[in-house]
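So the sequences go chain by chain: A and B.
In case it helps, the UniProt record's numbering puts the first sequence at residues 1 to 339.
In case it helps, the UniProt record's numbering puts the second sequence at residues 1 to 339.
The block underneath contains the structure these notes are about, expressed in structure tokens.
Number of protein chains: 2
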Amino acid sequence: MMPTIKDVAKLANVSIGTVSRYLNGYNVKEENKKKIELAIKELDFKFNPMAKGLRTNKTFSVGVLIPSITDIFCTQVIEGMQETFDKYNYSIIICDTRNKLENEIEKVKFLMAKRVDGIIIMPVSNNGEHIKLIQNSGMPVVLIDRLIENLSCDTIVCDNVNGAYEAVENIIRRGHRKIGIIAGPQNIYTAKERLEGYRRALNDYNIEINESFIVYSEYKKGAGYEAYERLLNLKDRPSAIFATNYETTLTGIIFFKNMGISIGEDISFFGYDQTELFQMLTPPLSVVVQPMNEIGKDAAELLVKRMNGDMSFFPLIKRLKTSIVVTDSIKNLIDTKIE
Amino acid sequence: MMPTIKDVAKLANVSIGTVSRYLNGYNVKEENKKKIELAIKELDFKFNPMAKGLRTNKTFSVGVLIPSITDIFCTQVIEGMQETFDKYNYSIIICDTRNKLENEIEKVKFLMAKRVDGIIIMPVSNNGEHIKLIQNSGMPVVLIDRLIENLSCDTIVCDNVNGAYEAVENIIRRGHRKIGIIAGPQNIYTAKERLEGYRRALNDYNIEINESFIVYSEYKKGAGYEAYERLLNLKDRPSAIFATNYETTLTGIIFFKNMGISIGEDISFFGYDQTELFQMLTPPLSVVVQPMNEIGKDAAELLVKRMNGDMSFFPLIKRLKTSIVVTDSIKNLIDTKIE
DNA sequence: TTGTAAGCGTTATCAG
DNA sequence: CTGATAACGCTTACAA
Chain A
1 MMPTIKDVAK LANVSIGTVS RYLNGYNVKE ENKKKIELAI KELDFKFNPM AKGLRTNKTF
61 SVGVLIPSIT DIFCTQVIEG MQETFDKYNY SIIICDTRNK LENEIEKVKF LMAKRVDGII
121 IMPVSNNGEH IKLIQNSGMP VVLIDRLIEN LSCDTIVCDN VNGAYEAVEN IIRRGHRKIG
181 IIAGPQNIYT AKERLEGYRR ALNDYNIEIN ESFIVYSEYK KGAGYEAYER LLNLKDRPSA
241 IFATNYETTL TGIIFFKNMG ISIGEDISFF GYDQTELFQM LTPPLSVVVQ PMNEIGKDAA
301 ELLVKRMNGD MSFFPLIKRL KTSIVVTDSI KNLIDTKIE
Chain B
1 MMPTIKDVAK LANVSIGTVS RYLNGYNVKE ENKKKIELAI KELDFKFNPM AKGLRTNKTF
61 SVGVLIPSIT DIFCTQVIEG MQETFDKYNY SIIICDTRNK LENEIEKVKF LMAKRVDGII
121 IMPVSNNGEH IKLIQNSGMP VVLIDRLIEN LSCDTIVCDN VNGAYEAVEN IIRRGHRKIG
181 IIAGPQNIYT AKERLEGYRR ALNDYNIEIN ESFIVYSEYK KGAGYEAYER LLNLKDRPSA
241 IFATNYETTL TGIIFFKNMG ISIGEDISFF GYDQTELFQM LTPPLSVVVQ PMNEIGKDAA
301 ELLVKRMNGD MSFFPLIKRL KTSIVVTDSI KNLIDTKIE
């Protein structure tokens with residue numbers, strides 16, 4: 001069968017302890033080092049992570065919980081994590097919660113049972129009871145994209161208030177006053193913040209908020225169709241609409257296409273999250289761009305720190321800046337050029 | 001610390017062997033069963049997979065090697081695998097090879113060192129030396145999307161010859177005779193097959209093959225720009241172009257947009273792989289659709305079988321059928337309506 | 001620096 | 001059906 005350090009020790013004529021020490025980077029006499037290295041090559045020895053893990057109580061694997069593996073936001077975030085976890089030799093165990101809290105809870109149990117060394121979660125809701133359980137067991141957790149209220153937890157998020165604010169501000173400066181918003185579920189922190197950004201921008205520009213311009217939708221694939229319908233069926237309908245996440249942005253594009261409403265002409269439209277194809281539309285789409293790779297990288301790096309016992313600044317809440325892409329999907333309603 | 005079966009045994013007043021048997025579904029006296037269940041609840045016992053793995057030599061984890069986690073094809077395939085692996089309690093360890101053979105080789109080593117129970121690979125090339133190593137170690141491997149020649153390995157692929165054939169046939173039946181193709185690297189089996197489908201279709205319709213209409217490109221993000229340039233710079237340029245994978249399709253869309261060439265009007269364009277946004281373009285894009293979820297599901301199911309020691313029909317090569325979406329991105333050059 | 005040996009939490013064998 | 005006990009492959013005191 002597979003050779004063990006015992007075999008290596010025998011062949012190298014040293015004790016198994018010495019081999020173990022060599023493998024773990026402790027000092028070993030140069031001569032023995034050579035012999036061990038030779039024996040390892042000879043036998044093609046690979047050490048058994050389970051045996052090691054059993055002793056050290058580390059699996060060198062981390063769990064990553066995301067709402068959907070086909071979601072572009074999630075995959076970009078994962079991409080950002082990879083380099084860091086690679087560097088430290090962690091395996092990434094991906095779990096897809098399909099946007100359901102019950103799955104999230106189940107997967108958390110699964111990962112804890114698997115004894116991963118740490119977990120990164122992009123939570124589907126504002127519910128954090130199961131996350132408390134993880135923390136109580138001593139396992140580090142980092143939340144991404146969505147903050148959970150009433151929970152002390154490391155979190156990497158984007159500055160959603162400002163992201164939305166800038167988008168709405170841009171719409172306003174192009175002359176729009178009637179601006180609809182596809183807001184997300186208000187039990188999702190991110191959604192709440194984006195709506196807050198919308199409100200602030202209107203306030204700062206002294207535009208009265210028309211509550212019927214605020215419609216709510218799930219943040220799921222295909223969600224939001226009725227929300228757009230509702231907005232367009234208003235007697236006094238908005239001239240511009242701001243969608244606050246990727247899925248609802250996509251739905252908007254589909255909706256307008258189906259309705260024969262041309263973006264930038266019949267309706268002005270601002271979306272959230274960037275994908276190459278959004279810029280291939282006619283006209284290209286104005287969007288809020290989030291630094292998705294960076295979120296992943298920061299989360300991974302923080303988790304590694306925590307797994308190494310460094311709890312400085314806990315709970316750390318890091319907010320990353322977003323930017324906006326401005327295109328003709330927002331019609332310019334005023335004569336003066338805008339910079 | 002964490003309770004072990006020893007603690008459970010003590011509390012339940014039975015031997016540790018009995019607890020282990022209970023946990024593994026062997027017969028245990030009803031009375032003891034009750035006591036054990038109670039003790040487990042009481043202590044909140046979770047068994048240690050590393051200890052189990054050390055004995056049984058199983059990690060209950062599988063490795064999945066893909067060229068890129070942000071590739072829509074890959075994520076859809078992974079989505080298809082999840083249900084199956086969930087059912088059998090396997091964790092999925094995702095590794096991104098970034099389309100480089102050297103990374104693929106390294107990741108294979110990583111996964112073998114981690115002692116996963118099986119590996120699914122979407123190979124980046126036709127090189128299978130490292131895959132032979134896996135097989136020699138007794139670890140089951142299933143290849144997806146791309147077959148590797150001169151390697152006996154379970155493989156789930158799409159019928160690429162027919163997929164391409166149908167696309168080209170459709171283009172021909174709409175009156176085109178000058179059809180360009182963005183072919184992939186010919187050391188990728190999938191790319192070879194798709195080119196083969198193109199050739200066959202032209203042959204079957206008695207259209208002479210113009211070798212300058214065949215241009216090659218990498219199958220990577222952003223690749224293929226020069227390939228399109230080359231085709232359009234021909235004195236006698238094609239009236240239709242067929243891109244043979246997702247990335248080059250995307251590049252095509254970008255290229256035409258940049259050049260101000262309108263698809264379906266100035267040039268006819270047929271792509272590969274489906275994504276919602278392709279249907280939101282003006283006009284929507286004609287594409288070959290692959291059953292990505294099904295590939296994942298089939299691969300997962302086959303791997304589970306192999307991991308359970310069932311080697312029937314090895315090496316199994318399964319080919320899944322593709323379909324095509326036909327839109328106005330192909331201009332109809334003949335009067336008679338086509339069905 | 002090294003060898004020895006006890007343990008990590010299970011499973012599996014064997015005798016009862 | 002159960003209990004006792006020897007592995008599984010490694011790390012880590014401890015003593016030398």
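Virtual Cβ for every residue (Gly too), placed ideally from N, Cα, C.
Residue of the options minimising C-alpha distance to residue i
i                      : options                                   : result
B:Thr248               : B:Asp310, B:Gly184, B:Val116 and B:Val77  : B:Gly184
B:Ile92                : B:Glu79, B:Asn99 and B:Glu102             : B:Glu79
B:Thr327               : B:Ile105, B:Asp145 and B:Phe269           : B:Phe269
B:Asn187               : B:Glu149, B:Gly260 and B:Glu166           : B:Glu149
A:Val161               : A:Ser152, A:Arg146, A:Leu151 and A:Cys153 : A:Arg146
B:Ser239               : B:Asn24, B:Gly252 and B:Arg177            : B:Arg177
A:Leu303               : A:Thr190, A:Val142, A:Ser20 and A:Met112  : A:Val142
B:Val62                : B:Glu83, B:Asp117, B:Arg55 and B:Gly25    : B:Asp117
A:Lys33                : A:Val14, A:Ala51 and A:Thr275             : A:Val14
A:Met307               : A:Gln82, A:Glu294, A:Tyr90 and A:Glu211   : A:Tyr90
A:Leu151               : A:Val325, A:Ile324 and A:Leu316           : A:Leu316
B:Lys100               : B:Thr84, B:Leu111, B:Tyr88 and B:Asn127   : B:Asn127
residue 356 of chain B : B:Pro284, B:Phe314, B:Lys305 and B:Ser286 : The requested residue 356 of chain B is not part of the displayed model; chain B covers only 1 to 339.
B:Lys235               : B:Gly25, B:Phe256, B:Gly222 and B:Asn210  : B:Asn210
B:Glu31                : B:Ser20, B:Asn203, B:Ala12 and B:Gly222   : B:Ala12
B:Thr251               : B:Gly260, B:Thr84 and B:Lys220            : B:Lys220
B:Gly222               : A:Tyr189, A:Lys6 and A:Leu277             : A:Leu277
A:Asp44                : B:Leu133, B:Ala191 and B:Gly260           : B:Leu133
B:Ile324               : B:Ile144, B:Ser125 and B:Ala167           : B:Ala167
Alpha-carbon spacing of residue i relative to residue j, whole angstroms
i        : j        : result
B:Phe73  : B:Val288 : 13 Å
B:Phe60  : A:Asp86  : 21 Å
B:Ser262 : A:Ile330 : 23 Å
A:Val215 : B:Glu265 : 39 Å
A:Glu301 : A:Lys46  : 27 Å
B:Phe242 : B:Ile182 : 6 Å
A:Ile338 : B:His130 : Residue confidence for A:Ile338 is low, a pLDDT of 49 falling below 50, so the modelled location carries little weight; the figure read from the coordinates is stated next. Spanning the two alpha carbons is a distance of roughly 58 Å.
B:Ile253 : B:Thr244 : 13 Å
B:Gly163 : B:Pro283 : 22 Å
B:Tyr165 : B:Gly197 : 4 Å
B:Asn233 : B:Ala227 : 10 Å
B:Leu255 : B:Tyr225 : Reading off the sequence, residue 255 of chain B comes out as Phe, not Leu. Whole-angstrom Cα-Cα distance: 7 Å.
B:Asn27  : B:Thr18  : 9 Å
B:Gln290 : B:Tyr246 : 11 Å
A:Lys6   : A:Cys153 : 43 Å
A:Gln82  : B:Thr4   : 33 Å
B:Met2   : B:Lys29  : 26 Å
Residue burial classification, residue i (beta-carbon count within 10 angstroms, cutoff 16)
i        : result
A:Tyr205 : exposed
A:Ser217 : buried
A:Met311 : exposed
A:Ala9   : buried
A:Tyr22  : buried
B:Glu193 : buried
A:Asn258 : exposed
B:Ile295 : buried
A:Phe314 : exposed
B:Lys297 : buried
A:Glu169 : buried
B:Thr56  : exposed
B:Gly53  : buried
Nearest-angstrom beta carbon gap, residue j and residue i [assumed within contact, 8 Å]
i        : j        : result
B:Pro49  : A:Arg115 : 6 Å
B:Ala299 : B:Ile120 : 5 Å
A:Gly175 : A:Ile334 : 4 Å
A:Phe213 : A:Ile179 : 7 Å
A:Thr75  : B:Thr75  : 6 Å
A:Met139 : A:Met112 : 7 Å
B:Leu285 : A:Met280 : Not confirmed; about 10 Å, so no contact.
Distance cut-off 7 Å: residue i Cβ against heavy atoms of the ligand FMN
i        : result
B:Val288 : The ligand FMN is absent from the structure shown, which contains no ligands of any kind.
At least 3 beta-carbon pairs within less than 8 Å: the stretch 311 to 325 of chain B vs the stretch 156 to 176 of chain B: yes
Three-pair Cβ contact test at 8 Å for the stretch 55 to 70 of chain A versus the stretch 27 to 47 of chain A: no
Is there contact between the stretch 105 to 114 of chain B and the stretch 268 to 286 of chain B, where contact requires at least three CB pairs shorter than 8 Å? no
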